[in-house]
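Number of protein chains: 2
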Amino acid sequence: MTQRSPKLDRRARSANRSDTRSALVRCGVEMFAERGFQATGIDEVLKRVGVPKGSFYHFFPSKQAFGEAVIDSYAQYFERKLDRLLTDDSRPPLERLAAFVEEARLGMTKHQFQRGCLIGNLGQELWELNGRFRQKLEGVLLSWQHRTAACLREAAAAGELATRLNEADSEMLARFFWIGWEGAILRAKLTQNDEPLRLFADCFFKKFLR
Amino acid sequence: MTQRSPKLDRRARSANRSDTRSALVRCGVEMFAERGFQATGIDEVLKRVGVPKGSFYHFFPSKQAFGEAVIDSYAQYFERKLDRLLTDDSRPPLERLAAFVEEARLGMTKHQFQRGCLIGNLGQELWELNGRFRQKLEGVLLSWQHRTAACLREAAAAGELATRLNEADSEMLARFFWIGWEGAILRAKLTQNDEPLRLFADCFFKKFLR
Numbered sequence: 001m002t003q004r005s006p007k008l009d010r011r012a013r014s015a016n017r018s019d020t021r022s023a024l025v026r027c028g029v030e031m032f033a034e035r036g037f038q039a040t041g042i043d044e045v046l047k048r049v050g051v052p053k054g055s056f057y058h059f060f061p062s063k064q065a066f067g068e069a070v071i072d073s074y075a076q077y078f079e080r081k082l083d084r085l086l087t088d089d090s091r092p093p094l095e096r097l098a099a100f101v102e103e104a105r106l107g108m109t110k111h112q113f114q115r116g117c118l119i120g121n122l123g124q125e126l127w128e129l130n131g132r133f134r135q136k137l138e139g140v141l142l143s144w145q146h147r148t149a150a151c152l153r154e155a156a157a158a159g160e161l162a163t164r165l166n167e168a169d170s171e172m173l174a175r176f177f178w179i180g181w182e183g184a185i186l187r188a189k190l191t192q193n194d195e196p197l198r199l200f201a202d203c204f205f206k207k208f209l210r
Numbered sequence: 211m212t213q214r215s216p217k218l219d220r221r222a223r224s225a226n227r228s229d230t231r232s233a234l235v236r237c238g239v240e241m242f243a244e245r246g247f248q249a250t251g252i253d254e255v256l257k258r259v260g261v262p263k264g265s266f267y268h269f270f271p272s273k274q275a276f277g278e279a280v281i282d283s284y285a286q287y288f289e290r291k292l293d294r295l296l297t298d299d300s301r302p303p304l305e306r307l308a309a310f311v312e313e314a315r316l317g318m319t320k321h322q323f324q325r326g327c328l329i330g331n332l333g334q335e336l337w338e339l340n341g342r343f344r345q346k347l348e349g350v351l352l353s354w355q356h357r358t359a360a361c362l363r364e365a366a367a368a369g370e371l372a373t374r375l376n377e378a379d380s381e382m383l384a385r386f387f388w389i390g391w392e393g394a395i396l397r398a399k400l401t402q403n404d405e406p407l408r409l410f411a412d413c414f415f416k417k418f419l420r
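Residue numbers (this note's numbering), protein chains in the order written: chain Z, 1 to 210; chain Y, 211 to 420.
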């Protein structure tokens with residue numbers, strides 16, 4: 001057997017710990033998006049990831065703390081995705097928003113309409129969630145709204161919309177989009193097809209933006 | 211002690227049984243609307259209503275059967291409400307839809323934004339619900355959509371909209387409304403205020419219908 005130096009061992013252990021935490025959070029994202037927070041048991045997360053309970057509590061003092069880490073991770077992933085799509089200068093602004101809609105549609109289709117939006121799912125369960133959780137979720141939705149509003153302002157400036165939009169108008173329109181879009185995701189889980197996503201987006205683009 | 215006839219006793223027992231079933235279903239409507247299907251324990255329903263377990267299983271062979279009875283009851287209640295509001299000839303058609311929005315807004319405010327739409331809540335939990343449940347929920351939403359579409363056609367016929375609507379257009383617009391409205395209810399639970407309801411309805415009326 002070859003022996004590694006203590007330094008390499010430390011690095012390996014540290015990399016391993018970071019991998020374990022990431023794996024737990026990734027599993028949390030999947031399970032919360034499918035079934036929500038309350039119905040997700042820590043035991044099943046441990047089983048899926050293949051780590052002992054002590055390892056979980058090493059990273060997360062409570063299920064609430066785990067939930068917050070999962071929300072943060074999903075929010076970061078989603079913000080990167082929105083930034084990639086909505087600030088893509090190679091396309092006109094409205095096409096960027098349409099590209100986001102299309103990517104979301106393909107994503108839901110790929111997962112057979114079992115997975116919705118993690119933020120929407122958690123928002124739905126609020127009867128027992130505390131204010132900290134609620135503010136966190138609303139904060140995530142607001143960050144998506146601001147990014148969408150900026151894209152809509154670019155669309156207006158490029159002459160893609162019927163009217164110019166001031167900042168308040170664009171925020172209102174983007175807020176309307178996200179309110180309705182979360183409803184469309186919910187409905188697509190019910191119909192088990194992409195029709196609600198297409199219908200909502202088509203109406204939004206045709207009636208609101210042209 | 212006065213003695214009642216056996217016939218009266220039978221009637222009283224029958225009335226009592228029917229009351230117990232109604233009380234269980236009413237409690238189910240409340241609890242499902244607050245916290246959903248999975249998180250609602252039959253034990254807590256029994257405790258709230260004050261009946262023994264055997265009594266529950268006398269009426270409902272399973273939690274699924276109870277869930278279906280609760281959905282049916284809520285659907286009936288909601289259809290009566292929509293019929294009362296949306297076919298009220300004393301008001302122009304668009305005012306009727308606005309009256310529905312206002313009643314829903316007041317209802318959510320009264321319950322401090324803890325209770326959402328029972329149908330929306332249950333739809334959100336579909337990862338483990340069977341097809342029968344899913345079709346039932348979609349059927350309820352469709353019945354609301356058809357009623358709303360009829361009201362929109364009346365609005366168009368009365369010259370309240372910018373354009374005439376054929377049946378397909380009115381169904382599409384009503385479907386858009388219900389997709390987005392369920393999203394607005396979800397968001398109002400998150401913000402704990404009526405702003406998402408007002409914003410969605412205002413945009414819908416201003417941008418879509420005028």
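A virtual CB, placed ideally from N, CA and C, is assigned to each residue, including glycine.
Taking the alpha carbon of residue i as the point to measure from, which residue in the options has its own alpha carbon closest?
{"i": "Z:Pro93", "options": "Z:Ile71, Z:His58, Z:Phe32, Z:Ala156", "result": "Z:Ala156"}
{"i": "Y:Ile329", "options": "Y:Met241, Y:Leu375, Y:Ala378, Y:Thr319", "result": "Y:Met241"}
{"i": "Z:Glu95", "options": "Z:Ala23, Z:Arg26, Z:Phe200, Z:Glu154", "result": "Z:Glu154"}
{"i": "Y:Met318", "options": "Y:Asn403, Y:Leu375, Y:Cys413", "result": "Y:Asn403"}
{"i": "Y:Leu409", "options": "Z:Phe177, Z:Leu85, Z:Arg198", "result": "Z:Phe177"}
{"i": "Y:Leu347", "options": "Y:Asn340, Y:Tyr267, Y:His356, Y:Gly333", "result": "Y:Gly333"}
{"i": "Y:Leu316", "options": "Y:Val259, Y:Ile395, Y:Ala233, Y:Leu234", "result": "Y:Ile395"}
{"i": "Z:Thr191", "options": "Y:Trp391, Y:Phe414, Y:Arg344", "result": "Y:Arg344"}
{"i": "Z:Thr20", "options": "Z:Gly36, Z:Phe59, Z:Glu160", "result": "Z:Phe59"}
{"i": "Z:Glu160", "options": "Z:Cys203, Z:Phe208, Z:Gly131, Z:Glu182", "result": "Z:Phe208"}
{"i": "Z:Pro52", "options": "Z:Tyr74, Z:Gly139, Z:Ala23, Z:Gly36", "result": "Z:Ala23"}
{"i": "Y:Val350", "options": "Y:Tyr284, Y:Tyr267, Y:Thr250", "result": "Y:Tyr284"}
{"i": "Z:Arg132", "options": "Z:Phe205, Z:Cys203, Z:Leu97, Z:Asp72", "result": "Z:Asp72"}
{"i": "Z:Leu85", "options": "Z:Lys47, Z:Thr40, Z:Ala150, Z:Phe56", "result": "Z:Ala150"}
{"i": "Y:Glu289", "options": "Y:Ala378, Y:Val235, Y:His356", "result": "Y:His356"}
{"i": "Y:Phe415", "options": "Y:Glu405, Y:Leu307, Y:Ala368", "result": "Y:Leu307"}
{"i": "Z:Asp169", "options": "Y:Cys413, Y:Asp379, Y:Arg258", "result": "Y:Cys413"}
Are there 16 or more other CB atoms within 10 angstroms of the CB of residue i, so buried, or fewer, so exposed?
{"i": "Y:Thr212", "result": "Residue placement at Y:Thr212 cannot be trusted, given a pLDDT of 49 that sits under 50; the coordinates are not used to answer."}
{"i": "Z:Gln112", "result": "exposed"}
{"i": "Y:Asn331", "result": "buried"}
{"i": "Z:Ala174", "result": "buried"}
{"i": "Y:Ala372", "result": "exposed"}
{"i": "Y:Thr358", "result": "buried"}
{"i": "Z:Ser62", "result": "exposed"}
{"i": "Z:Ser18", "result": "exposed"}
{"i": "Y:Glu381", "result": "buried"}
{"i": "Z:Gln76", "result": "exposed"}
{"i": "Y:Gly264", "result": "exposed"}
{"i": "Y:Thr297", "result": "exposed"}
{"i": "Y:Gly277", "result": "buried"}
{"i": "Z:Gly36", "result": "buried"}
{"i": "Z:Asn130", "result": "exposed"}
Using three-state DSSP, classify residue i as helix, strand or coil.
{"i": "Y:His356", "result": "helix"}
{"i": "Y:Phe410", "result": "helix"}
{"i": "Y:Val259", "result": "helix"}
{"i": "Z:Pro92", "result": "coil"}
{"i": "Y:Ser272", "result": "coil"}
{"i": "Z:Ala23", "result": "helix"}
{"i": "Y:Ala249", "result": "coil"}
{"i": "Y:Thr401", "result": "helix"}
{"i": "Z:Asn16", "result": "helix"}
{"i": "Y:Lys417", "result": "helix"}
{"i": "Y:Met211", "result": "With a pLDDT of 47 at Y:Met211, under the threshold of 50, the predicted position of this residue should be treated as unreliable, though the coordinate-derived value follows. Residue state, collapsed to three classes: coil."}
Mind checking whether residue i and residue j have CB atoms under 8 Å apart?
{"i": "Z:Val70", "j": "Z:Gly116", "result": "no"}
{"i": "Z:Glu125", "j": "Z:Gln38", "result": "yes"}
{"i": "Y:Glu254", "j": "Y:Gln324", "result": "no"}
{"i": "Y:Ala398", "j": "Y:Val311", "result": "no"}
{"i": "Z:Gly180", "j": "Y:Ile389", "result": "yes"}
{"i": "Y:Trp354", "j": "Y:Leu292", "result": "yes"}
{"i": "Y:Arg301", "j": "Y:Ala309", "result": "yes"}
{"i": "Y:Gly393", "j": "Z:Gly183", "result": "yes"}
{"i": "Y:Leu362", "j": "Y:Leu352", "result": "no"}
Output the residue ranges of the alpha helix (DSSP H) runs that lie fully inside the segment 310-374 of chain Y and measure 4 residues or longer, sorted by chain position. 328-334, 341-367
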